[in-house]
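Protein chains in written order, with the working numbering: chain S, 243 to 719; chain Z, 2 to 376.
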Amino acid sequence: MEMPAPDPAILAKKSRLVGLLSDVLPPDAVVHDTAETRAYECDALTAYKCPPLLAVLPASTQEVAAVLKICNREGVPVVPRGSGTSLAGGALPTADSVVLGVARLNEVLETDYDNRFIRVQSGRTNLSVTGAVEENDFFYAPDPSSQLACAIAGNIAMNSGGAHCLKYGVTTNNLLGVTMVMMDGTIVEIGGEHLDAARLDLLGVICGSEGQLGIVTEATLRILRKPEGARPVLVGFESNEVAGACVSDIIKAGVLPVAIEFMDRPCIRATEQFAGAGYPDCEALLIIEVEGSVAEIDEQLKVITKIANKHNPVELRESQSAEESEKIWLGRKSAFGAVGQINDYMCLDGTIPVSALPHVLKRIGEMSKEYGLDVANVFHAGDGNMHPLILYDANEPGELELCETFGAEILNLCVEVGGCLTGEHGVGIEKRDLMTNQFTHEDIAAQLSVKDVFDPGWLLNPAKVFPLKTTESRRAA
Amino acid sequence: MTPKSEQDVANAVADATGPIVIRGGGTRAIGRPLSGAVLSTAALTGIKLYEPGSLTIVANTGTNLAQLETVLAGESQRLPFEPMDHQGLLGTKGCPTVGGIVAANVSGSRRIQAGACRDYLLGVRFVDGQGTIIKNGGRVMKNVTGYDLVKLMAGSYGTLGVLTQVAFKVLPIPEVAATLSITNLSDIDAQRALSLALGSPYEVTGAAHAPQGTNDMPITMIRIEGFENSVKYRAAKLKTILEGIGEVWVESDPEKSSAIWKWARDVELFHEKAGDVWRISVKPTDGPAIGAKLDADGLLYDWGGGLIWALLPEGTDARARLAGFNGHATLIRASNDTRSTLPVFQPEPAPLAAITKGLRNKFDPRGILNANLMG
Numbered sequence: 243m244e245m246p247a248p249d250p251a252i253l254a255k256k257s258r259l260v261g262l263l264s265d266v267l268p269p270d271a272v273v274h275d276t277a278e279t280r281a282y283e284c285d286a287l288t289a290y291k292c293p294p295l296l297a298v299l300p301a302s303t304q305e306v307a308a309v310l311k312i313c314n315r316e317g318v319p320v321v322p323r324g325s326g327t328s329l330a331g332g333a334l335p336t337a338d339s340v341v342l343g344v345a346r347l348n349e350v351l352e353t354d355y356d357n358r359f360i361r362v363q364s365g366r367t368n369l370s371v372t373g374a375v376e377e378n379d380f381f382y383a384p385d386p387s388s389q390l391a392c393a394i395a396g397n398i399a400m401n402s403g404g405a406h407c408l409k410y411g412v413t414t415n416n417l418l419g420v421t422m423v424m425m426d427g428t429i430v431e432i433g434g435e436h437l438d439a440a441r442l443d444l445l446g447v448i449c450g451s452e453g454q455l456g457i458v459t460e461a462t463l464r465i466l467r468k469p470e471g472a473r474p475v476l477v478g479f480e481s482n483e484v485a486g487a488c489v490s491d492i493i494k495a496g497v498l499p500v501a502i503e504f505m506d507r508p509c510i511r512a513t514e515q516f517a518g519a520g521y522p523d524c525e526a527l528l529i530i531e532v533e534g535s536v537a538e539i540d541e542q543l544k545v546i547t548k549i550a551n552k553h554n555p556v557e558l559r560e561s562q563s564a565e566e567s568e569k570i571w572l573g574r575k576s577a578f579g580a581v582g583q584i585n586d587y588m589c590l591d592g593t594i595p596v597s598a599l600p601h602v603l604k605r606i607g608e609m610s611k612e613y614g615l616d617v618a619n620v621f622h623a624g625d626g627n628m629h630p631l632i633l634y635d636a637n638e639p640g641e642l643e644l645c646e647t648f649g650a651e652i653l654n655l656c657v658e659v660g661g662c663l664t665g666e667h668g669v670g671i672e673k674r675d676l677m678t679n680q681f682t683h684e685d686i687a688a689q690l691s692v693k694d695v696f697d698p699g700w701l702l703n704p705a706k707v708f709p710l711k712t713t714e715s716r717r718a719a
Numbered sequence: 002m003t004p005k006s007e008q009d010v011a012n013a014v015a016d017a018t019g020p021i022v023i024r025g026g027g028t029r030a031i032g033r034p035l036s037g038a039v040l041s042t043a044a045l046t047g048i049k050l051y052e053p054g055s056l057t058i059v060a061n062t063g064t065n066l067a068q069l070e071t072v073l074a075g076e077s078q079r080l081p082f083e084p085m086d087h088q089g090l091l092g093t094k095g096c097p098t099v100g101g102i103v104a105a106n107v108s109g110s111r112r113i114q115a116g117a118c119r120d121y122l123l124g125v126r127f128v129d130g131q132g133t134i135i136k137n138g139g140r141v142m143k144n145v146t147g148y149d150l151v152k153l154m155a156g157s158y159g160t161l162g163v164l165t166q167v168a169f170k171v172l173p174i175p176e177v178a179a180t181l182s183i184t185n186l187s188d189i190d191a192q193r194a195l196s197l198a199l200g201s202p203y204e205v206t207g208a209a210h211a212p213q214g215t216n217d218m219p220i221t222m223i224r225i226e227g228f229e230n231s232v233k234y235r236a237a238k239l240k241t242i243l244e245g246i247g248e249v250w251v252e253s254d255p256e257k258s259s260a261i262w263k264w265a266r267d268v269e270l271f272h273e274k275a276g277d278v279w280r281i282s283v284k285p286t287d288g289p290a291i292g293a294k295l296d297a298d299g300l301l302y303d304w305g306g307g308l309i310w311a312l313l314p315e316g317t318d319a320r321a322r323l324a325g326f327n328g329h330a331t332l333i334r335a336s337n338d339t340r341s342t343l344p345v346f347q348p349e350p351a352p353l354a355a356i357t358k359g360l361r362n363k364f365d366p367r368g369i370l371n372a373n374l375m376g
């Protein structure tokens, strides 16, 4: 992936910037030693690395505002960073940029059970938001796989999802308000403890804008009462097509499971070797989870198993205990780790209409043979959000490039069948150059014009989301 | 102008020399009074795609909402956000369109649990103020590819573009619904009851309170939906939770339940009643205090107390009565004069107003689309 060449004028004024930033931040919040800036050289898309000029770790909204004011005046690009778990390179720096990490902004500011919200600083991790309310039996619904580490700031930037969003929605559906700092240092409050926008839905466009419109320092999040219970059922099938048809039939039947997860044979085999969850050796496997009281769960699972049985499953296992439930989820939850044991992998994130699942899985299988690279599929089937994991060897010259070409072909297939390039990971740098396959020049121009309004100098995370040549003149101006 | 295709819309906008008033079904005359050449979406009809197994429907914006809902009902599915029908409240006549509910981000009582219109909007196609055709989002349930202009378009009242096509996520219609009600509660007790219900694990999908219901008595209403046994179970559980507040009556006839929620959704309480209608969104527990401050001729609380419908004497500035509050107030029904003098939509702080203006200038640089509707 190409990144813009660093601006020599900015590189030359590093010490001046250190001085200016040290005037508004405590000494340990300005990271400028070249050995230490390496800690910020990449996110979870580790194939691409570049240490930033500097990193700053502000601990308040006011400090973020002071930093941005300086960077804006000095014309220095700023790369916002949550916990650095982006799989799309959303937090990848350039050599002339200042990384602004929100890790020190991790307080809970207010919990309100009567109105069902929590207000947190944006560096707080996703799981610890639930952690702050679970003793009162509440939870924060979006649950990305990286929830132990990922920050709410990054969740908002990427509009993160998770396994349970079939029922509860993604970040944007659970975000009530933000405190955000604009690139010029202006602090704005958008949304709040009430529902819906007063005028234009600015909150809606900020969520998912990949840190390009402003830096969110505080967020008001919707919290929900935990269901009385949840129970998964595991169903194995002899083909991907049959599993896909079963998903469609369940959805049509009027049951809305909280999650429908799908794994194909390569993924099942990998996780079995790794975690030994006791999955059947079959072509495709679904984990379907429903929620409610014991009787409600029984009733829903009765409907689901009846449908599943019509598709002649090779195995149907309804959890009978908490331990068994845990075991059913164990394989799914360790899938990425299991595949990582076999080889390096690239995780894609295209979303397709549920009806296109069998066709797309078949095509991926064919392409896998053409490219000579194995693919394991594990994904959120209920909402069509695929996660093909392409296996490659990073030490083998040319394999990363081959893998990227293969990945691009899969994503273009997703677009071709009516889907999109990314369902929950974001564009970052990874899918930047594929944007023109999903969008026309006019579609992209409309999006660029939104950034023009929020960040006229194009200093916030400027080399992301859009193909570099479409943003060149703006970044240079 | 009644363009027959998206390209016709683009041509009409590009060729326009003056203000354009976008018209769907003509049932929601909300905002500042407008003048200009009418551009009707009446000929942009048709459901373009419906996949029940993918929970997705795509329709052109001039499609009648009723027609879309009938098609969905044929597969036992629905738009989960329960869009209200403004005709009774505004005294309009027509057929609400799919585009209209998106342009005004119209949601009903279920919004408190299920989310708003914007939460179920998967994709849009629209024509901007220069006549350029733009798409955003798509037809899949999870999509973070590029900026989310879908949300920006929902509730923009045609001031950023003429919507031509929209895609929704839909959900199954539950087997049954039941409504729990308590009479004679004060606004404060009623709000407490609604918070208790919404904070329970029993998936309440409607939580409203009328200080003066149909027979002038206060009535507090809670809805649950789902499979029959589950609804019975949850009704019993909720009854126990609410026992300390008041006696709970359970209406388990789904048709009667449906009538109750149509009454709340469409604010039937204010139909045929003179006066201005304000719609105020606040934190639910702030509701009763806000309601008291308004000193209104009629009140209806929805969304657990956080949505307040208020009937006020003609020309009253509700915001002045509240003298600063957290949330927003919209003047939904008033004379042309009042809607020209009082801000219809909540005024924004200067930095946000600058962003809104900046976006308007980008999407409609000539300022011709529903110009000034949002003030």
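All residues carry an ideal CB built from backbone N, CA and C; glycine is no exception.
Using CA coordinates, which residue listed in the options is at the minimum distance from residue i?
i	options	result
LEU558(S)	LEU633(S), GLU533(S), LEU476(S) and LYS611(S)	LEU476(S)
ASN137(Z)	LYS152(Z), PRO219(Z) and THR221(Z)	LYS152(Z)
PRO293(S)	ASP338(S), ILE530(S), CYS589(S) and ARG258(S)	ASP338(S)
ARG464(S)	GLY214(Z), THR165(Z), GLY156(Z) and PRO285(Z)	PRO285(Z)
GLY427(S)	ASP523(S), ILE394(S) and ALA308(S)	ALA308(S)
THR414(S)	ILE134(Z), VAL205(Z), CYS118(Z) and ASP129(Z)	CYS118(Z)
LEU498(S)	VAL205(Z), LEU301(Z), THR165(Z) and PRO175(Z)	PRO175(Z)
LEU262(S)	LEU253(S), THR712(S) and VAL272(S)	VAL272(S)
ASP443(S)	VAL249(Z), SER41(Z) and THR160(Z)	THR160(Z)
CYS313(S)	CYS284(S), PHE359(S) and VAL260(S)	VAL260(S)
SER258(Z)	GLY156(Z), ASP16(Z), MET2(Z) and SER182(Z)	SER182(Z)
PHE326(Z)	GLU435(S), ASN401(S) and ILE632(S)	GLU435(S)
PHE380(S)	CYS392(S), ARG358(S) and ALA395(S)	ARG358(S)
Roughly how many whole angstroms lie between the Cα atoms of residue i and residue j?
i	j	result
ASP318(Z)	THR288(S)	57 Å
ALA439(S)	LEU445(S)	8 Å
LEU342(S)	THR146(Z)	24 Å
PRO81(Z)	GLY100(Z)	16 Å
VAL617(S)	GLU651(S)	13 Å
ILE448(S)	ALA399(S)	7 Å
LEU164(Z)	ARG674(S)	27 Å
PRO303(S)	ALA374(S)	The sequence given here has Thr at residue 303(S), not Pro. Taking the straight line from one Cα to the other gives about 21 Å.
ALA517(S)	SER201(Z)	36 Å
MET245(S)	LEU710(S)	8 Å
ILE21(Z)	THR342(Z)	22 Å
How should residue i be labelled, buried or exposed, when 16 other C-beta atoms within 10 angstroms of its C-beta is the threshold for buried?
i	result
GLU226(Z)	buried
ARG1(Z)	Past the edges of chain Z, shown from 2 to 376, lies residue 1(Z), and the structure says nothing about it.
LEU351(S)	exposed
GLN515(S)	exposed
SER370(Z)	It should be noted that the sequence gives Leu, not Ser, for residue 370(Z). Under this definition LEU370(Z) is a buried residue.
LEU299(S)	buried
PRO639(S)	exposed
PRO314(Z)	exposed
HIS272(Z)	exposed
TRP264(Z)	buried
PRO268(S)	exposed
Checking the sheet assignment: what are the DSSP bridge partners for residue i?
i	result
LEU663(S)	Paired residues: none, contrary to the question.
ARG323(S)	GLY343(S)
GLY227(Z)	VAL177(Z)
ASP586(S)	TYR634(S)
Runs of alpha helix (DSSP H) lying entirely within the region 349-392 of chain S, each at least 4 residues, in chain order: 368-375
Ignoring anything shorter than 4 residues, give me the alpha helix (DSSP H) runs that lie fully in the region 243-299 of chain Z, in order along the chain. 255-266 and 288-295
What runs of the beta strand (DSSP E), each 3 residues or longer, lie entirely inside the region 384-451 of chain S? 417-423 and 429-433
Can you list the alpha helix (DSSP H) stretches of 4 or more residues lying completely in the region 476-527 of chain S, in chain order? 482-494 and 507-517
Taking only runs that begin and end inside the region 26-87 of chain Z, name each unbroken alpha helix (DSSP H) of 4 or more residues, in chain order. 66-75
Runs of beta strand (DSSP E) wholly within the region 118-202 of chain Z (minimum 3 residues, chain order): 122-128, 134-138, 163-170 and 177-184
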